[in-house]
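This report concerns only the one structure given below.
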Amino acid sequence: MPENEIKQLPVPLSEDDYFDGGGVQCPVCGGFHCVKAEKDFEGERPELTQTVSCFRCGAIWQDKYSLVGYEDLRDKEGQRIW
Ligand SMILES: [Zn+2]
Numbered sequence: 004m005p006e007n008e009i010k011q012l013p014v015p016l017s018e019d020d021y022f023d024g025g026g027v028q029c030p031v032c033g034g035f036h037c038v039k040a041e042k043d044f045e046g047e048r049p050e051l052t053q054t055v056s057c058f059r060c061g062a063i064w065q066d067k068y069s070l071v072g073y074e075d076l077r078d079k080e081g082q083r084i085w
């Protein structure tokens, strides 16, 4: 078997493991830091999705996002408020 052949994991990486790893591991081939955005965020706030793919094995899937808060509140001049 050629050393550069990309193998599929026996089972897809679980959502929990994907999340715990920071979303940098492909759930199909298990490669790290090979996930890239294919599209901008889609959907309705506060829950959005983004189509991403693995440039190692070519798998494509949707990352799911939930709003967790806000920070760095500023006025229209860029000055901090409160
Ligand atoms: Zn992959």
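FYI, the numbering for the sequence shown is 4 to 85, going by the numbering used here. Every residue, glycine too, gets a C-beta built ideally from N, C-alpha and C. What you are looking at is a predicted structure, and each value in this text was computed from that prediction instead of being measured.
Where residue i falls, given that 16 or more other Cβ within 10 Å makes a residue buried
i: residue 11; result: exposed
i: residue 40; result: exposed
i: residue 82; result: exposed
i: residue 21; result: buried
i: residue 31; result: buried
i: residue 71; result: exposed
i: residue 38; result: buried
Counterpart residues of residue i in DSSP-defined beta bridges
i: residue 63; result: 56
i: residue 38; result: 57
i: residue 77; result: 83
Whole-Å CB distance - residue i paired with residue j, under 8 angstroms assumed
i: residue 67; j: residue 52; result: 6 angstroms
For the structure I just gave you, are there three or more beta carbon pairs, one from the stretch 48-60 and one from the stretch 13-23, closer than 8 angstroms?
no
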